[in-house]
Structure formats: structure tokens, C-alpha cells
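Mind the numbering: the sequence shown is residues -24 to -1, 1 to 384 in mature numbering (1 follows the signal peptide of the UniProt record, and there is no 0), read in order.
First the structure, in the form of C-alpha cells, and then the observations on it.
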Amino acid sequence: SKEKMENKALQIAFFLIGVLSGECMNPIEEDPLEICWQKHAQHGTMCSLSMMGGQNYSHSGKFTDRVPQFSYDGNFSYGMEPQFSYDGNFSYGMGMENWWEMSARVVSVDEFGAKGDGETDDTKAFKNAWEKACSSAPTVLLVPHGKKYLIKPVRFSGPCKSALILQVSGTIIAPGDPNVWEGLNRRQWLRFKGINHLTVKGGGTFYGSGDQWWAQSCKINKTNLCQPAPTAVIFESSNNLRVNNIIVENSQQMHVKFRKCVGVQADHLKVVAPGDSPNTDGLHISASKDVVIKNSIIGTGDDCISIVGDSFNIRIKNIICGPGHGISIGSLGKWNSEAQVSGVTVYGASLYSTTNGLRIKTWQGGSGFAKGIKFQNVHMENVKHPIIIDQFYCDSRKPCSNKTSAVK
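Shown next, in the form of C-alpha cells:
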């Protein structure tokens, strides 16, 4: 009936409002890690959570309507969302049979001297907490809710002793002054490298403090010298990676990069920056395979999602994109290089007020291929260039030379 249709439309509208405002993210106050930490850590006792999960991980690809979980042997499996109880226990799986159990110690960065006042340099405390968590089996590294931790550029390295959960419930803030990067790698802020079975979640925020970097960009002011700027969060050379229920905001340049990773699940992310912020790609996938990105909101000053060379089997589902430059494959083949991308599916995306919609961009003179690309159920509104396949891509200040002889 007409009344039912109107009610359904209102439900959808309120759902979208909830997603855009972040209300659909898990409430931090009810997080069992927070409860456990508050009950035990203040009294000097170890906070442990009992985790149980089904062993039916060999059924890769089965139960496709369920939430994917990672097994320790590197395969995907599908189970229910975690179920929480008031005593801090939580479980995964299909039923009560064939369970495994393990105890996870919760380590808070506050134990290592982090202040969380937004002004004190908490980098050393984070590094020490990481070393402790990474060398223990298994561990939850907690960034508590309600605090702001100022962290300078740092790399968190593996391999770790076992699976590790980084529970970001508070806010991690980058220094606003680009001079802090003097003598350091200007292309990164937080870098996670060589860590298998890492989960990053918690409803918290990585805040890039990118304003001064944007003002110094040569894309904003052509009299400025073109210099690299940091990617806020980099995951590199890591397998079986999960990034869930996280906000990344106002990065200096790119927000999140997956490089040389295998088996990535990114779910319920919110990635935002002003529409005029330069080169602030939302999610950037490079030389990675078996990547799933879904149920996320991305609005920045560049590509919402960009996929570049040597990336295979990428699945993108239920994405809200805008502002920004849309969803892009490429650019590929810059400086006469070889690049290959295949097996990309975008299913269920909504793009609003973006400069581009769906784009494949390659440079003249490059070699390789982009194949097996599928776009389905994509909705666009107020998109300037809905579909672009550009084999003459050039973002240089100077005109690019014609190299059509490289086409085979």
C-alpha cells in the first residue's frame, strides 16, 4: 500500500542518517574490552577475555550470507557476528560444537604511561605497549575511549607471536606541524608492517590533522614546491587483516593504504576530509589481493577508493562515496612501467556530488592490463563524469608526450 511504501522510505532515510552520523557503529560504552579493562586494570589485575570460535574454518566460501571471519591458516570462513555476554566473554561460530578456546590478555596503552590529553607526546608509550602486545599470545592492545593520544610518525612491526587485536576506542591524533617529520619519512604517519592476523577495530578515530599539509600543497598553491605528504594509516606486507568500525579523518594525504597485503577485510569504515583537500584518497589498494571492502562511507578530496598495479581479486560492496573523485582503477603505467589489475567487482555503490563516478585511467607508454572489471548496481547523483575509461591519463603540470606506439 501507499502507507507501507511511505513508511519504508522513512525507514531507509533514517537508516542513512544513522550511518552518516556514525550512530550505527557499535556503542563504545558496551564494549566488553572497555568493561573488562575498567573492572580489572584499575586494581592492578590482568584483564583476560575468553574467546571461543568454531573450527569449521576449512569451509572457505560457504555461508556467504554470514559475516566473514579469518582462520589462522589464512583461509576465509563465514560465521556470525561476535556475541557478547556481560562477563566479558565473546564467541564466534555457527553452533556449540567443535569449539576452541583461548585467553586474551588486554594491554592498555595507559599502562605504559600514555596520558591521552591530546598534548603530551604518547609515541613512546604506544611503542612500548605494542612491543608487549606483539610478543604476547594472544593480546588485545587497548586505546581507551574518551581520550586523545598525540602520536608522532611511527612504525609498528611484526611478526607478532600470535593474532593481535588493536582496539582503538579513543582518538589517535597526528601532530599538526609538518616540521615534526623533518628527518623522517614524509610519506607515512602510522605504519603497520609484517603483521599477520591483525584486527583493528573499536569505533575510535585516527585524526590526521592535515590542514597545514594541505596549505603547503602545490595543488592548492602552484607557487609551492611539490613535496610528499604522509598517508595516515598504512598496512603493508600483512596477511589476514581485518579493519572494522574505525573512523579516519583529515589525513595529510591518503587516508588508508593496503600495500602488499593478502586477505583483507575492511568493514564499516568512515573516511572523511573536505572535498577540496588535495590527494586525500580514502582507501588505496596497491599490490594486494583477496581484498573485501564493504559497508563504508568515504568522502574526501580525491578518489574514494583507488586500486593500482598488481592488485587482484578485489571486492567492493555497499559503499557511499562523496565528495571526491569516485572509484578508480589506476592510474596505471606511469613512467613507462608495467601494471596489472584484474578481478575487480564493485557491487552496490552510491556516489553523490563527485567529479567522477567509475574510472579506469592508464598512462601512455605503460604496459600491462586492467581486466575482469565489473560494476553492478551503482547509483549516482550530481556526478560530473559518471563513467571514464582514459588511456591518455596525465596529471603533470606539463603536457604528456604521445606514446600510442606502446598500445598492442
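Cβ atoms here follow ideal geometry from the backbone N, Cα and C, with glycine treated the same way.
The structure displayed is predicted, hence computed values, not measured ones.
Could you pull out every residue in the same chain whose Cβ sits closer than 7 Å to the Cβ of residue i, ignoring the five residues on either side in sequence?
i           : result
Gly50       : Confidence is the limiting factor: at Gly50 the pLDDT is only 32, short of 50, which leaves the residue's position unreliable, though a coordinate-based value still follows. Within the same chain, Gly50 has close Cβ partners Asn215, Asn216 and Gly239.
Leu(-15)    : Below a pLDDT of 50, predicted positions are generally treated as unreliable, and Leu(-15), at 37, falls in that range; the measurement from the model is reported next regardless. Within the same chain, Leu(-15) has no close Cβ partners at all.
Gln188      : Gly152, Asp153 and Pro154
Asn312      : Gly341 and Gly342
Ile363      : Gly333 and Leu334
Cys376      : Gln340 and Cys370
Cys136      : Cys110 and Ile171
residue 390 : The first residue shown for the chain is -24 and the last is 384, placing residue 390 beyond what the model contains.
Asn200      : Gln192, Ser193 and Cys194
Gly122      : Gly146
Asn358      : Tyr328 and Ser329
Among the options, whose alpha-carbon lies nearest the alpha-carbon of residue i?
i           : options                           : result
Ala101      : Gly122, Pro114, His121 and Leu126 : Leu126
residue 385 : Arg163, Val284, Cys237 and Thr330 : In the structure as shown, the chain starts at -24 and stops at 384, and residue 385 therefore has no counterpart that could be examined.
Lys195      : Asn378, Arg373 and Ser377         : Arg373
Asn197      : His173, Val359, Pro254 and Gly159 : Pro254
Met356      : Cys376, Gly302, Ile349 and Gln367 : Gly302
Thr115      : Gly122, Lys123, Asn289 and Ala105 : Ala105
Gly251      : Lys265, Val267 and Gly300         : Gly300
Phe182      : Thr199, Asn220 and Ser377         : Asn220
Val268      : Arg81, Phe288 and Asp279          : Phe288
Gly333      : His361, Pro120 and Gln192         : His361
Pro129      : Asn200, Gly178 and Glu158         : Glu158
residue 455 : Leu117, Ala191, Pro206 and Val144 : Look at the range of the chain in this structure, -24 to 384, and you will see that residue 455 is not part of it.
Phe351      : Val317, Glu314, Pro120 and Lys293 : Lys293
Ser133      : Leu118, Lys103 and Thr147         : Lys103
Ser84       : Leu117, Thr96 and His260          : Leu117
Ile281      : Val320, Gln316 and Ile222         : Val320
Ser264      : Ser318, Asp278, Arg81 and Asn358  : Ser318
Thr147      : His260, Lys379, Lys91 and Arg81   : Lys91
Asp266      : Ile290, Gly277 and Asp86          : Ile290
Arg131      : Thr99, Gln229 and Lys124          : Thr99
For the beta strand (DSSP E) containing residue i, name the first residue and the last one.
i      : result
Arg102 : This sequence places Phe at residue 102; Arg is not what is there. Premise fails: Phe102 lies in the alpha helix (DSSP H), Thr99 to Cys110, not in any beta strand (DSSP E).
Trp165 : Gln164 to Lys169
Arg235 : Val232 to Arg235
Ser136 : First, the amino acid is wrong: residue 136 is Cys here, not Ser. Run containing Cys136: none; DSSP gives neither H nor E here.
Gln316 : Glu314 to Tyr328
Pro362 : His361 to Asp366
His301 : Run containing His301: none; DSSP gives neither H nor E here.
His121 : It is not in any beta strand (DSSP E) - His121 carries neither H nor E in the DSSP assignment.
Val156 : Unbroken run through Val156: none, as it is neither H nor E.
Lys270 : Lys265 to Gly275
Phe211 : Thr207 to Glu212
Leu217 : Asn215 to Glu225
Gln203 : That residue, Gln203, is in no beta strand (DSSP E); it is neither H nor E in DSSP.
Lys350 : Ser343 to Glu357
Thr181 : Thr181 to Tyr183
Thr175 : Leu174 to Lys177
Arg335 : Asn332 to Thr338
Between residue i and the rest of its own chain, which residues show a CB-CB distance below 6 Å, the 5 nearest in sequence each way excluded?
i        : result
Ser227   : Gly184, Gly186, Ala208 and Thr256
Val354   : Ala325
Ile210   : Gln164, Arg167 and Lys233
Ala(-12) : Only weak support exists for where Ala(-12) lies, its pLDDT of 38 falling under 50; the coordinates are left without a value.
Gly298   : Gly275, Leu327, Tyr328, Ser329 and Thr330
His231   : Ala208, Val224, Val247 and Gly258
His173   : Ala139 and Asn216
Ala150   : Trp165, Gly184 and Ser185
Cys162   : According to the sequence shown, residue 162 is Arg rather than Cys. Cβ neighbours of Arg162 beyond the five flanking positions: Pro204.
Ser366   : With the sequence shown as reference, residue 366 is identified as Asp, and Ser is not the correct amino acid for it. Excluding sequence neighbours, Asp366 sits near Lys337.
Ser262   : Arg235 and Val284
Arg218   : Thr175 and Gln241
Ile296   : Ile273 and Ser326
Asp243   : Asn220, Lys270 and Asn271
Ser193   : Pro254
Ser304   : Asp279, Ser282 and Arg335
Can you tell me where the alpha helix (DSSP H) with residue i in it begins and where it stops?
i      : result
Asp187 : Asp187 to Ala191
Say the cut is 8 Å; is the CB of residue i nearer than that to a heavy atom of the ligand NAP?
i      : result
Phe182 : In terms of ligand content, the structure shown is empty, and the ligand NAP therefore cannot be addressed.
Ordered along the chain, which non-local residues of its own chain (more than five positions away) have a Cβ less than 8 Å from that of residue i?
i        : result
Ser213   : Lys169, Gly170, Arg235, Lys236 and Cys237
Ala113   : Lys137 and Ser138
Lys(-23) : Because Lys(-23) sits at a pLDDT of 44, beneath the cut-off of 50, its placement in the model cannot be relied upon, and the point is left open.
Any beta carbon of chain E sitting closer than 9 Å to that of residue i?
i      : result
His301 : In the displayed structure, chain E is absent; only one protein chain is listed.
- request: Give a yes or no on contact between the stretch 305 to 318 and the stretch 340 to 357, applying the rule of three or more CB pairs nearer than 8 Å.
  value: They touch, by the three-pair rule.
task: Evaluate contact between the stretch 245 to 253 and the stretch 272 to 280, counting only Cβ atoms and requiring at least three cross-stretch pairs below 8 Å.
output: Yes, since at least three Cβ pairs between the stretch 245 to 253 and the stretch 272 to 280 fall closer than 8 Å, the two stretches touch.
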